[in-house]
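Participant: With the numbering used here applied, the sequence shown closes on residue 599, and no number is skipped along the way.
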Amino acid sequence: MRPLLAEPTEEEIDMSIHVKAAPSQFPPPMTSMTPREHGDPCSLVIFGATGDLAKRKLFPAVYHLAKGRLLAHDFRLIGMDRAAMTDDEFRILVKKCVEASEEISGFDQATWEDFEHRLYYLQGDLTQTSAYTTLRDRLHALEEKLEARSANRLFYLSVPPFIFREIIDHLSSSGLAPRTESPKTRPWARIIIEKPFGHNLASALSLNQLVLSHFNEHQIYRIDHYLGKETVQNILVFRAANAIFEPIWNRNHISHVQITAAETVGVESRGNYYEHAGVVRDMFQNHLMQLLALTAMELPHQMKANLVRDEKVKAIRSIRPFTLGAFQEAVRAQYAPGEIKGKPVQGYRQEPGVAADSMTPTYAAIKLMIDNGRWRGVPFYLRSGKRMAKRVTEIAIEFHKPAYLIDGLTGLEPGTEVESNVLVLRVQPNDGVTLRFSAKAPGAALALTPEIEVATVDMDFTYTEAFGQTLSPAYETLILDCMIGDATLFTRSDEVEAGWHVTDPLLEYWAANPPASGLPTYPSGSWGPEEADRLLEKDGFAWRKP
Ligand code: BG6
Numbered sequence: 054m055r056p057l058l059a060e061p062t063e064e065e066i067d068m069s070i071h072v073k074a075a076p077s078q079f080p081p082p083m084t085s086m087t088p089r090e091h092g093d094p095c096s097l098v099i100f101g102a103t104g105d106l107a108k109r110k111l112f113p114a115v116y117h118l119a120k121g122r123l124l125a126h127d128f129r130l131i132g133m134d135r136a137a138m139t140d141d142e143f144r145i146l147v148k149k150c151v152e153a154s155e156e157i158s159g160f161d162q163a164t165w166e167d168f169e170h171r172l173y174y175l176q177g178d179l180t181q182t183s184a185y186t187t188l189r190d191r192l193h194a195l196e197e198k199l200e201a202r203s204a205n206r207l208f209y210l211s212v213p214p215f216i217f218r219e220i221i222d223h224l225s226s227s228g229l230a231p232r233t234e235s236p237k238t239r240p241w242a243r244i245i246i247e248k249p250f251g252h253n254l255a256s257a258l259s260l261n262q263l264v265l266s267h268f269n270e271h272q273i274y275r276i277d278h279y280l281g282k283e284t285v286q287n288i289l290v291f292r293a294a295n296a297i298f299e300p301i302w303n304r305n306h307i308s309h310v311q312i313t314a315a316e317t318v319g320v321e322s323r324g325n326y327y328e329h330a331g332v333v334r335d336m337f338q339n340h341l342m343q344l345l346a347l348t349a350m351e352l353p354h355q356m357k358a359n360l361v362r363d364e365k366v367k368a369i370r371s372i373r374p375f376t377l378g379a380f381q382e383a384v385r386a387q388y389a390p391g392e393i394k395g396k397p398v399q400g401y402r403q404e405p406g407v408a409a410d411s412m413t414p415t416y417a418a419i420k421l422m423i424d425n426g427r428w429r430g431v432p433f434y435l436r437s438g439k440r441m442a443k444r445v446t447e448i449a450i451e452f453h454k455p456a457y458l459i460d461g462l463t464g465l466e467p468g469t470e471v472e473s474n475v476l477v478l479r480v481q482p483n484d485g486v487t488l489r490f491s492a493k494a495p496g497a498a499l500a501l502t503p504e505i506e507v508a509t510v511d512m513d514f515t516y517t518e519a520f521g522q523t524l525s526p527a528y529e530t531l532i533l534d535c536m537i538g539d540a541t542l543f544t545r546s547d548e549v550e551a552g553w554h555v556t557d558p559l560l561e562y563w564a565a566n567p568p569a570s571g572l573p574t575y576p577s578g579s580w581g582p583e584e585a586d587r588l589l590e591k592d593g594f595a596w597r598k599p
């Protein structure tokens with residue numbers, strides 16, 4: 054990707070934001086996607102190589118990088134897990150995952166034939182020292198013919214969080230991943246840590262302390278795959294590159310913001326994990342917090358990793374701590390049986406790995422206030438749930454209504470108001486932007502008021518229509534960024550901790566105060582519990598039904 058505002062200096066190359074150049078004409082040419090630079094030569098070691106994430110997301114993403122010629126000539130992938138498997142069996146597994154992936158377009162035999170020779174597998178118990186000795190021997194053998202400075206290593210912790218600590222300790226003590234002083238040191242060793250980063254503030258602080266005791270921050274990539282989504286990256290570009298929006302991006306013009314991440318899927322086979330996580334740890338502390346931060350932050354004066362992250366941290370730290378009233382109006386609920394796409398589905402408590410009397414919320418809706426000059430008094434409503442009516446992630450910015458509406462303009466009942474302008478940043482599906490505004494419905498002449506009718510219409514931009522290409526899956530972007538050394542789309546330690554400062558008190562309050570009349574439920578396939586509607590009604594608003 055190309056830098057947005059300035060060419061990075063040599064020192065900054067590891068930390069600069071890269072974005073695609075904007076097309077200079079409309080409609081843009083079909084070839085408007087800017088080519089990306091390829092990753093450094095490296096060994097990508099995936100711990101947890103037989104797990105769900107590796108199979109569904111990571112293998113297809115790396116294959117797709119190969120297809121786009123974005124891997125260095127000296128790239129290899131080593132999968133590691135407890136299961137016994139030969140290199141050939143691993144190659145068959147990866148091929149099946151690539152062919153089954155819906156996120157990437159088309160399987161290419163020629164790419165595969167080159168790619169499969171870069172795939173290796175090692176069996177090992179990651180809690181045992183012997184696993185790291187085996188890995189070291191294999192890496193040495195694979196790196197034998199390389200120039201020393203090309204023997205870079207990227208370790209991906211795609212494993213349950215309870216073994217993060219052990220792996221980090223072993224990686225350091227075995228010498229497999231030495232601490233490097235500068236982002237420019239070669240060969241480099243980097244570590245990707247999957248979410249959830251901690252279970253609460255205390256455990257996140259202690260995990261950060263541990264990882265920073267072995268590595269420098271520039272070696273640590275805390276992944277939040279939402280930041281790899283094109284439309285999430287677009288939030289900053291949209292704000293920075295369009296002079297008409299930033300001047301109205303504040304309390305003077307915006308009445309409130311709704312951030313929705315609704316899923317139709319349930320917890321699938323992840324009941325054991327989800328029972329301990331719940332929706333706030335799974336979606337709010339990371340993904341929704343990032344969407345809020347990018348919407349609310351001040352724009353950095355340069356698009357550099359640390360400057361962007363400084364501003365995000367400031368925005369998150371400006372969120373007003375929950376008061377007792379805010380705790381009480383925060384909504385939690387669990388999905389009950391219902392229908393998704395016309396098919397009956399079971400409730401959360403019937404899912405495998407879930408307790409029959411589970412109190413884990415699969416839906417939450419909260420209101421956050423940001424105490425700074427830009428946002429004072431503007432509520433940010435956040436909601437997320439599984440098994441909802443529709444899969445949609447969006448940020449809806451709702452503007453104030455006109456201060457004065459010319460008498461009789463609507464032609465409707467006295468007191469009826471026009472709808473507010475809404476700017477919707479659609480993260481998925483149909484990634485793009487919609488601006489909703491009012492227009493005169495065709496018909497009566499202006500002079501014939503009050504017959505004039507005002508209708509609400511949408512102006513729409515969709516990525517695939519405008520650029521003629523499907524977007525890269527988030528993991529592809531992020532893995533490539535790690536191989537290049539661009540940390541912009543990863544969360545820094547202070548950012549993770551700031552997020553926990555917001556959500557931890559709510560989780561503690563909820564744990565100590567189970568709902569008196571049981572946890573509310575919502576039918577699968579609905580828009581969530583009624584309590585969530587009341588959260589907005591009290592303030593004179595209503596949730597969008599996208
Ligand atoms: C993950 C959560 O981080 O994000 C999952 O653990 C959730 O529970 C997923 O389903 C949603 O990601 P996406 O990209 O499908 O919105």
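Where is the CB? At the ideal position from N, CA and C, for every residue including glycine. Since the model is a prediction, treat every value here as computed from it, not as a measurement.
Have a look at 385, 342, 584 and flag the residue whose alpha-carbon is nearest the alpha-carbon of residue 438.
Facilitator: Here the closest residue by C-alpha is 385.
Participant: Excluding the 5 residues flanking residue 251 on each side, which residues of the same chain have their C-beta closer than 6 Å to its C-beta?
Facilitator: Around residue 251: 257, 260.
Participant: Label residue 334 either buried or exposed according to how many other C-beta atoms from any shown protein chain fall within 10 Å of its C-beta, with 16 as the threshold for buried.
Facilitator: Buried.
Participant: Please name the residue, chosen from 521, 455, 524, 519, that lies closest to residue 490 on a Cα-to-Cα basis.
Facilitator: Cα-wise, what sits closest to residue 490 is 455.
Participant: Quick one: give me the first and last residue of the alpha helix (DSSP H) that residue 536 is part of.
Facilitator: Unbroken alpha helix (DSSP H) run through residue 536: 527-537.
Participant: What is the DSSP secondary structure of residue 164, counted as helix, strand or coil?
Facilitator: The answer is helix: DSSP assigns residue 164 an H, G or I state.
Participant: Taking only the alpha-carbon atoms, compute the straight-line gap between residue 341 and residue 347 and give it to the nearest angstrom.
Facilitator: Between residue 341 and residue 347, the C-alpha separation is close to 10 Å.
Participant: Taking 7 Å as the line, does the beta carbon of residue 248 fall inside it for any heavy atom of the ligand BG6?
Facilitator: Yes - the ligand BG6 has a heavy atom lying nearer than 7 Å to the Cβ of residue 248.
Participant: With 16 as the cutoff for other CB atoms within 10 Å, does residue 457 come out buried or exposed?
Facilitator: Exposed, by the Cβ-count rule.
Participant: DSSP has residue 397 in a bridge; who is on the other side?
Facilitator: DSSP output for residue 397 lists 392 as bridge partner(s).
Participant: Could you tell me the alpha carbon to alpha carbon distance between residue 112 and residue 377, rounded to whole angstroms?
Facilitator: Distance between the alpha carbons of residue 112 and residue 377 is about 46 Å.
Participant: Should residue 117 be listed as close to the ligand BG6, given that the test is whether its C-beta is under 7 Å from any heavy atom?
Facilitator: Checking the Cβ of residue 117 against the ligand BG6 gives no.
Participant: Output the distance between the C-alpha atoms of residue 242 and residue 118, rounded to the nearest integer angstrom.
Facilitator: The alpha-carbon atoms of residue 242 and residue 118 are separated by roughly 20 Å.
Participant: Does at least one heavy atom of the ligand BG6 sit under 7 Å from the Cβ of residue 278?
Facilitator: Residue 278: yes, Cβ under 7 Å from the ligand BG6.
Participant: What do you reckon, is the C-beta of residue 271 under 7 Å from a heavy atom of the ligand NAP?
Facilitator: Absence of the ligand NAP from the depicted structure is noted, with the ligand BG6 being the only ligands included.
Participant: Which residues mark the beginning and the end of the alpha helix (DSSP H) in which residue 412 is found?
Facilitator: No alpha helix (DSSP H) contains residue 412, which DSSP labels as neither H nor E.
Participant: Between residue 595 and the rest of its own chain, which residues show a CB-CB distance below 8 Å, the 5 nearest in sequence each way excluded?
Facilitator: Here the set comprises 586, 589.
Participant: Compare the C-alpha of residue 156 against each of 133, 109, 180 and name the closest.
Facilitator: Taking only the C-alpha atoms, the option nearest residue 156 is 109.
Participant: Any idea what DSSP makes of residue 77, helix, strand or coil?
Facilitator: Low local confidence applies: a pLDDT of 39 at residue 77 is under 50, so the model's placement there is unreliable, with the coordinate-based value given in what follows. Three-state result, residue 77: coil.
Participant: Just to confirm before moving on: does the CB-CB distance between residue 254 and residue 550 stay below 8 Å?
Facilitator: Closer than 8 Å, so yes.
Participant: Can you list the beta strand (DSSP E) stretches of 3 or more residues lying completely in the segment 194-242, in chain order?
Facilitator: Fully enclosed beta strand (DSSP E) runs of 3 or longer: 206-210.
Participant: So, helix, strand or coil for residue 444, using DSSP?
Facilitator: Of the three classes helix, strand and coil, the one that applies to residue 444 here is coil, per DSSP.
Participant: How about the segment 413-422 and the segment 577-585: do they share at least three Cβ pairs that are nearer than 8 Å?
Facilitator: With the cut-off at 8 Å, the segment 413-422 and the segment 577-585 touch.
Participant: Give me, in chain order, the residues of the same chain whose beta-carbon lies closer than 8 Å to that of residue 365; leave out the 5 immediate sequence neighbours on both sides.
Facilitator: For residue 365, where only same-chain residues beyond five positions count, the Cβ hits under 8 Å are 343, 346, 347, 350, 548.
Participant: What does the alpha-carbon distance come out to for the pair residue 577 and residue 306?
Facilitator: Near 36 Å, if we compare the C-alpha coordinates of residue 306 and residue 577.
Participant: Run the proximity test for residue 340: is its beta-carbon closer than 7 Å to any non-hydrogen atom belonging to the ligand BG6?
Facilitator: Checking every heavy atom of the ligand BG6 against the Cβ of residue 340, one is found closer than 7 Å.
Participant: What residue from 482, 562, 533, 559 has the CA that sits closest to residue 315's CA?
Facilitator: Measuring from the Cα of residue 315, the nearest candidate turns out to be 482.
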